[in-house]
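Right, one structure below, let's go through it.
2 protein chains.
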Amino acid sequence: MDTLKEYKALLAEIGKLDSAASLLEWDERTYIPQKGHDARSEVLGKVSKLGFELFISDRMGKYLEDLNREEVLASLSEKDRASVRWMTHDYNRLKAIPPDLFEQYTIDCSKSEFAWEQAKAESSFELFQPHLQKMVDYARQFAELYGYDENPYDALLEGYEPGMTTRDLKAIVEPLREALVSLLDRVTEQGTPPDTSFLEGDFPVDKQRELCMRALEAMHFDSDAGRLDVSVHPFTTRVGPGDVRITTRYMENRLLSSLFGTIHEGGHALYDQGIDPDLTWTGLDTGASMGIHESQSRLWENQVGRSLAFWRFFYPQLQEVLPEFEEIPVEEFYRAVNEAQRSLIRVEADELTYNLHIMLRFELEEALVNRRIEVKDLPEIWNDAMERYLRLTPPDDAHGVLQDVHWSGGMIGYFPSYMLGNLYAAQFFATAKREIGDLEERIERGDLLTLREWLREKIHKYGRMYSPSELAEKVSGEKLNPRHFVEYVTSKFSDVYRL
Amino acid sequence: MDTLKEYKALLAEIGKLDSAASLLEWDERTYIPQKGHDARSEVLGKVSKLGFELFISDRMGKYLEDLNREEVLASLSEKDRASVRWMTHDYNRLKAIPPDLFEQYTIDCSKSEFAWEQAKAESSFELFQPHLQKMVDYARQFAELYGYDENPYDALLEGYEPGMTTRDLKAIVEPLREALVSLLDRVTEQGTPPDTSFLEGDFPVDKQRELCMRALEAMHFDSDAGRLDVSVHPFTTRVGPGDVRITTRYMENRLLSSLFGTIHEGGHALYDQGIDPDLTWTGLDTGASMGIHESQSRLWENQVGRSLAFWRFFYPQLQEVLPEFEEIPVEEFYRAVNEAQRSLIRVEADELTYNLHIMLRFELEEALVNRRIEVKDLPEIWNDAMERYLRLTPPDDAHGVLQDVHWSGGMIGYFPSYMLGNLYAAQFFATAKREIGDLEERIERGDLLTLREWLREKIHKYGRMYSPSELAEKVSGEKLNPRHFVEYVTSKFSDVYRL
Numbered sequence: 001m002d003t004l005k006e007y008k009a010l011l012a013e014i015g016k017l018d019s020a021a022s023l024l025e026w027d028e029r030t031y032i033p034q035k036g037h038d039a040r041s042e043v044l045g046k047v048s049k050l051g052f053e054l055f056i057s058d059r060m061g062k063y064l065e066d067l068n069r070e071e072v073l074a075s076l077s078e079k080d081r082a083s084v085r086w087m088t089h090d091y092n093r094l095k096a097i098p099p100d101l102f103e104q105y106t107i108d109c110s111k112s113e114f115a116w117e118q119a120k121a122e123s124s125f126e127l128f129q130p131h132l133q134k135m136v137d138y139a140r141q142f143a144e145l146y147g148y149d150e151n152p153y154d155a156l157l158e159g160y161e162p163g164m165t166t167r168d169l170k171a172i173v174e175p176l177r178e179a180l181v182s183l184l185d186r187v188t189e190q191g192t193p194p195d196t197s198f199l200e201g202d203f204p205v206d207k208q209r210e211l212c213m214r215a216l217e218a219m220h221f222d223s224d225a226g227r228l229d230v231s232v233h234p235f236t237t238r239v240g241p242g243d244v245r246i247t248t249r250y251m252e253n254r255l256l257s258s259l260f261g262t263i264h265e266g267g268h269a270l271y272d273q274g275i276d277p278d279l280t281w282t283g284l285d286t287g288a289s290m291g292i293h294e295s296q297s298r299l300w301e302n303q304v305g306r307s308l309a310f311w312r313f314f315y316p317q318l319q320e321v322l323p324e325f326e327e328i329p330v331e332e333f334y335r336a337v338n339e340a341q342r343s344l345i346r347v348e349a350d351e352l353t354y355n356l357h358i359m360l361r362f363e364l365e366e367a368l369v370n371r372r373i374e375v376k377d378l379p380e381i382w383n384d385a386m387e388r389y390l391r392l393t394p395p396d397d398a399h400g401v402l403q404d405v406h407w408s409g410g411m412i413g414y415f416p417s418y419m420l421g422n423l424y425a426a427q428f429f430a431t432a433k434r435e436i437g438d439l440e441e442r443i444e445r446g447d448l449l450t451l452r453e454w455l456r457e458k459i460h461k462y463g464r465m466y467s468p469s470e471l472a473e474k475v476s477g478e479k480l481n482p483r484h485f486v487e488y489v490t491s492k493f494s495d496v497y498r499l
Numbered sequence: 001m002d003t004l005k006e007y008k009a010l011l012a013e014i015g016k017l018d019s020a021a022s023l024l025e026w027d028e029r030t031y032i033p034q035k036g037h038d039a040r041s042e043v044l045g046k047v048s049k050l051g052f053e054l055f056i057s058d059r060m061g062k063y064l065e066d067l068n069r070e071e072v073l074a075s076l077s078e079k080d081r082a083s084v085r086w087m088t089h090d091y092n093r094l095k096a097i098p099p100d101l102f103e104q105y106t107i108d109c110s111k112s113e114f115a116w117e118q119a120k121a122e123s124s125f126e127l128f129q130p131h132l133q134k135m136v137d138y139a140r141q142f143a144e145l146y147g148y149d150e151n152p153y154d155a156l157l158e159g160y161e162p163g164m165t166t167r168d169l170k171a172i173v174e175p176l177r178e179a180l181v182s183l184l185d186r187v188t189e190q191g192t193p194p195d196t197s198f199l200e201g202d203f204p205v206d207k208q209r210e211l212c213m214r215a216l217e218a219m220h221f222d223s224d225a226g227r228l229d230v231s232v233h234p235f236t237t238r239v240g241p242g243d244v245r246i247t248t249r250y251m252e253n254r255l256l257s258s259l260f261g262t263i264h265e266g267g268h269a270l271y272d273q274g275i276d277p278d279l280t281w282t283g284l285d286t287g288a289s290m291g292i293h294e295s296q297s298r299l300w301e302n303q304v305g306r307s308l309a310f311w312r313f314f315y316p317q318l319q320e321v322l323p324e325f326e327e328i329p330v331e332e333f334y335r336a337v338n339e340a341q342r343s344l345i346r347v348e349a350d351e352l353t354y355n356l357h358i359m360l361r362f363e364l365e366e367a368l369v370n371r372r373i374e375v376k377d378l379p380e381i382w383n384d385a386m387e388r389y390l391r392l393t394p395p396d397d398a399h400g401v402l403q404d405v406h407w408s409g410g411m412i413g414y415f416p417s418y419m420l421g422n423l424y425a426a427q428f429f430a431t432a433k434r435e436i437g438d439l440e441e442r443i444e445r446g447d448l449l450t451l452r453e454w455l456r457e458k459i460h461k462y463g464r465m466y467s468p469s470e471l472a473e474k475v476s477g478e479k480l481n482p483r484h485f486v487e488y489v490t491s492k493f494s495d496v497y498r499l
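Shown next, in the form of structure tokens:
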């Protein structure tokens with residue numbers, strides 16, 4: 001079938017341009033000399049635009065139209081059908097926004113991100129407010145253009161978590177919030193907090209790097225098909241097949257920041273390294289959704305990296321690199337890396353409180369999009385919500401409503417993915433434990449390969465073939481169920497806090 | 001004038017794609033993980049092809065046709081006129097080769113390079129011969145397609161040294177060869193060779209890197225607009241304005257390889273960093289020719305880096321990093337870094353013998369293209385020529401005719417650029433000495449900025465606005481004159497060898 005062949009060739013072209021764009025971006029955040037930034041933005045803009053234009057081209061429209069004819073679709077392989085399904089999904093969304101509007105949006109995003117940086121530095125919501133207003137206006141407008149059944153916020157969610165709705169989310173949030181708040185109360189009121197004093201100190205960068213490399217090796221990250229570098233904000237990027245790069249950052253006085261950051265990004269990287277090579281440049285060589293991708297990073301960071309089993313295996317290696325830990329028992333170290341406390345900043349939050357930060361943002365975003373609240377009132381609303389969710393009041397907006405970059409770049413509807421990632425991680429790990437009878441013993445022996453292979457076989461290799469909820473059912477036999485997360489944190493924090 | 005605007009916009013598009021391609025290539029030689037190579041070739045191929053197709057597009061042809069009309073040309077600024085001149089030059093050459101032929105050539109080049117690697121490893125000319133035959137056939141065919149007045153070899157030279165002819169080259173080679181051979185005889189027969197024993201030893205990579213960074217700093221390489229990394233074959237690349245990257249390689253037992261390599265690439269980099277920002281993405285933001293570019297690397301490596309004045313300034317820094325040199329007087333060190341001897345391998349040759357290696361290759365290339373000799377006889381012809389030029393006989397073809405990569409990639413007509421670089425370097429440096437009265441004293445004081453500024457003002461800023469010989473006249477008041485080189489080496493080696 002010629003159309004299929006041409007369609008695939010066009011996707012491959014786009015894939016190659018995306019690969020070039022990924023490298024330009026990776027370099028922009030790692031090695032580019034300072035004076036190279038201006039030209040780089042232009043080059044990256046050009047290369048990205050070429051790929052984008054090919055994707056929304058009439059050619060692509062024609063191919064998709066042909067391939068979506070019932071009898072044609074029926075004749076396709078499962079992979080090709082999945083490709084047509086998701087490329088049609090993306091094509092329709094992108095075509096829904098008129099090009100001129102999208103161009104203006106891109107320009108406004110870049111101004112807004114710049115304004116946010118300044119606003120955060122000066123803790124001045126006023127500076128950011130007009131830009132945020134624009135971003136919220138765009139979100140409202142885009143939601144109408146994308147279309148939705150029930151709630152305009154659904155149209156935004158769809159961009160990050162296909163199939164997820166506001167109604168679904170609310171059904172998850174209510175009981176989860178109740179369970180977490182009650183557990184958090186018990187932990188802080190009746191629990192025995194771990195000693196964390198030994199986590200502060202002077203940890204040379206080369207030793208931290210050594211530990212990060214050992215952790216990646218233990219996870220069976222393929223170093224011949226990837227790299228670890230340094231950037232201000234850690235990230236993972238799939239430059240192409242056989243080339244998945246992660247970054248971390250080293251703070252001399254904080255041992256765990258680089259290590260858990262690396263394990264987290266390493267989890268993303270294992271997903272990207274595990275995608276079936278057959279899916280290369282089909283548009284499916286990516287994760288099923290932001291939430292599913294995040295489930296992989298969180299599973300490795302938390303279910304594995306913050307477990308006693310992992311530290312029984314890895315602690316001797318840490319002690320070898322940092323002999324000052326020889327006096328600290330592994331159980332105490334394990335308790336220390338699981339300290340839980342109410343805090344103001346999402347990115348520093350622990351497993352127990354993290355989802356509360358997300359719920360707050362979801363609540364505000366959804367209300368903004370539905371015009372139940374307005375941008376100008378956000379600082380006050382934020383602070384009230386912090387009181388309700390975490391019983392804290394930010395000292396200023398930099399530690400409150402201005403803390404995250406997302407809204408400044410128009411990413412409204414993204415935050416729930418972080419929470420979904422945590423929930424999926426717990427659900428998938430519970431399934432893995434059930435299916436691999438002795439998983440914990442294996443981890444304790446340093447066998448992380450069994451888990452990596454299980455994840456690859458059940459999740460990674462499929463790339464973006466399935467929707468998040470299809471994948472969840474395929475992997476665990478049920479749709480997303482927050483019970484697994486509640487059981488996981490209840491058990492872990494009861495143990496850590498000796499409840 | 002709309003055409004001019006559109007023409008510039010098209011050049012900018014091409015420039016941005018070239019910038020992306022440069023980064024893809026840089027990364028391929030520095031940081032790419034091993035399993036990323038296959039996909040990278042495809043991505044680089046795609047991005048390069050996009051730029052190439054835009055350059056030879058009918059649109060470009062139309063713009064150039066319009067802009068080359070006499071009355072239009074007369075109305076252009078000097079820079080725009082230069083752009084139209086050189087883009088027309090390149091366009092006509094690229095259009096001279098039918099696309100199918102060019103595609104086949106590209107494929108054959110890649111096979112040929114692969115075969116050469118094997119052939120060199122096994123020192124088997126037989127393995128390489130059929131591929132080299134193809135490359136020579138292409139060169140002969142391309143020469144006819146490009147067109148020439150006198151000698152088909154001129155058509156090939158034109159791709160690297162616009163305006164240079166075989167006749168010009170021969171006029172340079174004859175007397176130069178005579179002068180060099182006679183000087184080399186005096187040096188080897190009557191000279192006092194320097195002691196070089198202290199150049200062997202164990203020089204840790206981090207100390208070598210420290211020295212390289214200090215040398216770049218002394219040269220006023222702008223580290224905010226560039227980087228130094230490591231690769232197997234050192235190179236310089238201009239990723240874009242404000243982003244010029246060089247590489248070096250470190251060999252623990254050879255101190256000078258990384259240092260002089262870095263100074264050499266640093267010379268290329270200063271050229272690229274010094275191009276007038278107005279020329280960005282005009283097609284003129286590159287060097288005037290391969291030879292002129294090489295003149296800048298060689299000037300810094302040899303006229304500066306191997307001078308006594310430079311070492312009077314830089315030696316204390318070297319001694320600080322490598323205290324084992326405290327006992328060696330600077331004059332002895334200076335003599336050691338200028339050791340001259342007949343040797344088999346071009347890339348390891350010193351200033352005195354290097355041009356002889358080039359003359360040999362020029363002689364053979366020109367005879368091949370003109371069918372006065374044939375590929376199958378090359379090993380024998382090579383060895384005879386080595387005897388004539390350097391009184392040496394290679395022990396095998398790996399140390400003879402198979403030593404260089406150039407021919408395997410179809411680069412026939414390139415070698416003379418190296419020699420021209422040496423000659424231009426001497427000519428430009430002689431001019432600089434004349435115009436900056438106390439240049440040597442300045443270098444001895446560590447003031448390399450005066451020289452860098454002089455080069456920037458006279459050469460770098462113009463990018464590719466002028467042909468090599470126009471530029472030579474503009475800088476030095478005369479066309480290329482090998483006398484300057486002969487005077488330079490005679491004076492230096494008389495001093496070093498105490499003649």
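Quick mapping for you: the protein sequence lines, in order, are chains A and B. So for the first sequence, my numbering puts the first residue at 1; every next one is plus one. So for the second sequence, my numbering puts the first residue at 1; every next one is plus one. All C-beta atoms, glycine included, are put in the ideal place defined by N, C-alpha and C.
Legend entry - Proximity of A/R238 and A/D272 at Cβ, strictly below 8 Å: yes
Legend entry - Inter-residue Cα distance where the pair is A/E332 and B/D222: 50 Å
Inset, instruction - Can you have a look at B/G463 and say buried or exposed, based on whether 16 or more other CB atoms are within 10 angstroms of its CB? - result: buried
Inset, instruction - Pull up the CB-CB distance for A/K442 and A/I436, whole angstroms please, since I reckon it's below 8 Å. - result: In the sequence as displayed, the identity of residue 442 of chain A is Arg instead of Lys. Indeed, because the Cβ distance is near 7 Å, the residues count as touching under 8 Å.
Inset, instruction - Determine, using beta-carbon pairs with one atom in the stretch 197-211 of chain A and one in the stretch 3-22 of chain B, whether at least three such pairs fall under 8 Å. - result: no
Legend entry - Any C-beta of chain B under 8 Å from that of A/I275: no
Inset, instruction - Mind listing, in chain order, the continuous alpha helix (DSSP H) runs of no fewer than 4 residues lying wholly within the stretch 32-104 of chain A? - result: 37-55, 58-67, 70-75 and 78-96
Legend entry - Every unbroken beta strand (DSSP E) within the stretch 177-242 of chain A, with a cutoff of 3 residues, ordered by chain: 226-230 and 236-240
Legend entry - Alpha-carbon to alpha-carbon, B/N253 and B/L318: 16 Å
Legend entry - Of the residues A/T236, A/L402 and A/D438, the one placed nearest A/E122, counting alpha carbons only: A/L402
Legend entry - B/L156 - containing alpha helix (DSSP H), residue span: P152 to L157
Legend entry - Where the alpha helix (DSSP H) containing A/R361 begins and where it ends: Y354 to V369
Legend entry - Alpha-carbon spacing of B/H89 relative to B/K95, whole angstroms: 10 Å
Inset, instruction - Give the residues of chain B in contact with A/E6, contact being defined as C-beta atoms less than 7 Å apart. - result: The premise fails here: A/E6 is roughly 16 Å from chain B at the closest Cβ pair, so nothing lies under 7 Å.
Inset, instruction - Pick helix, strand or coil for B/R254, following the three-state DSSP scheme. - result: strand
Inset, instruction - Assign B/S307 to one of two classes, buried (16 or more other C-beta atoms within 10 Å of its C-beta) or exposed (fewer than that). - result: buried
Inset, instruction - Going by CA-CA distance only, name the one from B/I345, B/H293 and B/Q341 that's closest to B/N500. - result: Past the edges of chain B, shown from 1 to 499, lies residue 500 of chain B, and the structure says nothing about it.
Inset, instruction - With DSSP as the reference, label B/I459 as helix, strand or coil. - result: coil
Legend entry - Alpha-carbon spacing of A/L145 relative to A/L284, whole angstroms: 25 Å
Inset, instruction - Just list the alpha helix (DSSP H) runs in the stretch 375-447 of chain B, keeping only unbroken ones of 4 residues or longer that don't cross its boundaries, in chain order. - result: 378-390, 416-435 and 439-444
Inset, instruction - Decide if A/F114 is buried, meaning its Cβ has at least 16 other Cβ atoms within 10 Å, or exposed. - result: exposed
Inset, instruction - Answer with yes or no whether the minimum CB distance from A/S41 to chain B is below 8 Å. - result: no
Legend entry - Collapsed DSSP secondary structure at A/I373 in the structure displayed: coil
Inset, instruction - Return yes when the Cβ of B/S258 is within less than 8 Å of the Cβ of B/Q208, no when it is not. - result: yes
Legend entry - Residue-level contact to chain B via CB, A/K474, 8 Å cutoff: no
Inset, instruction - Could you tell me which chain A residues have their CB closer than 9 Å to the CB of B/I263, listed as they occur along the chain? - result: Residues of chain A passing the Cβ test: none, with the nearest at roughly 19 Å.
Inset, instruction - Can you have a look at B/K474 and say buried or exposed, based on whether 16 or more other CB atoms are within 10 angstroms of its CB? - result: exposed
Inset, instruction - Within 10 angstroms of the Cβ of A/N92, are there 16 or more other Cβ atoms? Answer buried if so, exposed if not. - result: exposed
Legend entry - Candidates A/F260, A/D149, A/Q296 and A/Y497, of which the one nearest A/M213 by Cα: A/F260
Legend entry - Bridge partner(s) assigned by DSSP for B/R245: B/R227 and B/T237
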